[in-house]
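Here is the structure:
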């Protein structure tokens with residue numbers, strides 16, 4: 001199962017992850033605009049619908065150009081691995097609720113950050129859901145502290161004036 | 001209030017869970033195929049939910065600008081990237097680098113559109129994040 005070693009990020013990984021975080025900023029902004037007109041449920045529904053179409057389009061283009069992918073080393077995916085979309089859709093419902101409580105955007109972002117970091121620490125530590133285990137080091141702890149502290153500073157003191 | 005704190009915390013856990021599941025699926029298929037399943041399963045789930053709740057599309061939806069249709073395709077790239085990354089660099093690094101990118105781009109985006117901002121705090125926050133990102137890169 002853990003045949004692929006989880007290495008330290010290379011510059012390409014760093015760039016991909018950092019850039020995808022940037023994409024997310026724009027996606028969140030765009031989806032919030034859709035939600036302002038059609039409601040939070042509509043916004044998430046629209047994003048998943050247009051996303052499905054976009055993915056089909058790109059997959060079809062790739063199929064035209066080359067043969068189907070080689071069978072993977074990891075075997076067939078378990079059924080539960082197909083449920084990531086439910087988890088993602090539920091996220092939208094929870095955050096669009098908590099944003100409209102006294103927690104507001106700052107509290108929602110900060111707690112979401114905490115939940116995400118806590119889960120990822122557990123996931124690496126125990127190799128949850130069939131992904132490789134990764135031993136956590138002091139450097140991981142340092143990166144967690146710096147990035148979480150920087151994010152909280154931006155969320156609570158930087159945003160707004 | 002405790003309930004809403006739990007909501008926001010669980011939302012964060014679900015973001016991580018989603019990336020973990022999609023990453024596992026990508027190991028048996030491909031990151032793009034995992035992103036496709038993520039979107040279509042979420043779409044079906046939200047369609048059923050919308051039909052049950054009965055308020056899927058509010059009347060104002062048609063007045064939204066054309067570019068609201070771009071959020072979904074951006075999400076496809078985002079999920080594809082996450083599913084590619086997580087088996088390669090692990091859950092913690094994936095989460096931290098994506099969060100870092102989101103925070104730094106958010107600050108730049110707010111600067112560009114002139115949103116209110118306490119500059120010293122945002123600048124210091126960005127500095128700490130970049131230091132943390134540099135720490136994930138050190139080889140020894």
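Chains as they are written, first to last, in the UniProt record's numbering: chain G, 1 to 161; chain S, 1 to 140. Just so it is clear, CB atoms sit at the ideal spot from N, CA and C, and this is done for glycine as well.
Q) Ordered along the chain, which non-local residues of its own chain (more than five positions away) have a Cβ less than 6 Å from that of residue 133 of chain S? A) Cβ contact annotation for residue 133 of chain S (same chain, cutoff 6 Å, sequence separation greater than five): 100, in chain order.
Q: State the Cα-Cα distance for the pair residue 32 of chain S and residue 15 of chain G, rounded to the nearest angstrom.
A: C-alpha separation (whole angstroms): 18 Å.
(Q) By the DSSP assignment, the alpha helix (DSSP H) with residue 99 of chain G in it spans what residues? (A) From DSSP, residue 99 of chain G is part of no alpha helix (DSSP H); its letter is neither H nor E.
Q.
Would residue 101 of chain G pass as an interface residue toward chain S - the criterion being a Cβ-Cβ separation below 8 Å?
A. It does; some Cβ of chain S falls within 8 Å.
(Q) Quick check on residue 25 of chain G - is its C-beta less than 8 Å from some C-beta in chain S? (A) So yes, residue 25 of chain G belongs to the interface.
Q) Pick from G:101, G:127, G:54: whose alpha carbon is nearest that of residue 37 of chain S? A) Ranking G:101, G:127, G:54 by Cα distance to residue 37 of chain S puts G:54 first.
(Q) Tell me which residues share the same chain as residue 56 of chain G and place their Cβ nearer than 8 Å to its Cβ, disregarding the 5 neighbours each side in the sequence. (A) There are no such residues.
Q: Pull up the distance between the alpha-carbon of residue 56 of chain S and that of residue 18 of chain S, whole angstroms please.
A: The straight-line gap from Cα to Cα measures roughly 23 Å.
Q) Counting contacts by CB-CB distance shorter than 8 Å, is residue 54 of chain S in contact with chain G? A) Answer no: the Cβ-Cβ gap between residue 54 of chain S and chain G never drops below 8 Å.
Q.
Beta carbons nearer than 8 Å to chain S: which residues of the stretch 136–147 of chain G have them?
A. Against chain S - using a Cβ distance shorter than 8 Å - the residues of the stretch 136–147 of chain G are 136, 139, 140, 142, 143, 144, 145, 146, 147.
Q: Whole angstroms is fine: what's the gap from residue 88 of chain S's alpha carbon to residue 140 of chain G's?
A: For residue 88 of chain S and residue 140 of chain G, the distance between alpha carbons rounds to 15 Å.
Q) Using a beta-carbon distance below 8 Å, is residue 142 of chain S in contact with chain G? A) Nothing about residue 142 of chain S can be reported from this structure: the residues present for chain S run from 1 to 140 only.
**Q.** Residue of S:45, S:76, S:72 minimising C-alpha distance to residue 90 of chain G
**A.** If you compare the alpha carbons of S:45, S:76, S:72 with that of residue 90 of chain G, the shortest gap goes to S:45.
Q) Using CA coordinates, which residue listed in G:154, G:117, G:83, G:78 is at the minimum distance from residue 28 of chain S? A) Of the listed residues, the one whose Cα sits closest to residue 28 of chain S is G:78.
Q: Quick one: grab the DSSP three-state call for residue 93 of chain G.
A: Three-state result, residue 93 of chain G: helix.
Q: Could you work out which residues of chain G lie near residue 58 of chain S, taking near to mean beta carbons separated by less than 7 Å?
A: 38, 39, 42, listed in chain order.
Q. Any idea if residue 159 of chain G is buried or exposed, counting beta-carbon neighbours within 10 angstroms, 16 or more meaning buried?
A. Counting Cβ neighbours within 10 Å, residue 159 of chain G comes out buried, since at least 16 surround it.
**Q.** Three-way DSSP call (helix, strand, coil) for residue 50 of chain S in this model
**A.** In the displayed model, residue 50 of chain S falls within a helix according to three-state DSSP.
Q. Looking at the C-beta of residue 72 of chain S, does it have a partner C-beta in chain G at a distance below 8 Å?
A. Among the residues facing chain G, residue 72 of chain S is included, as its CB has a counterpart in that chain under 8 Å away.
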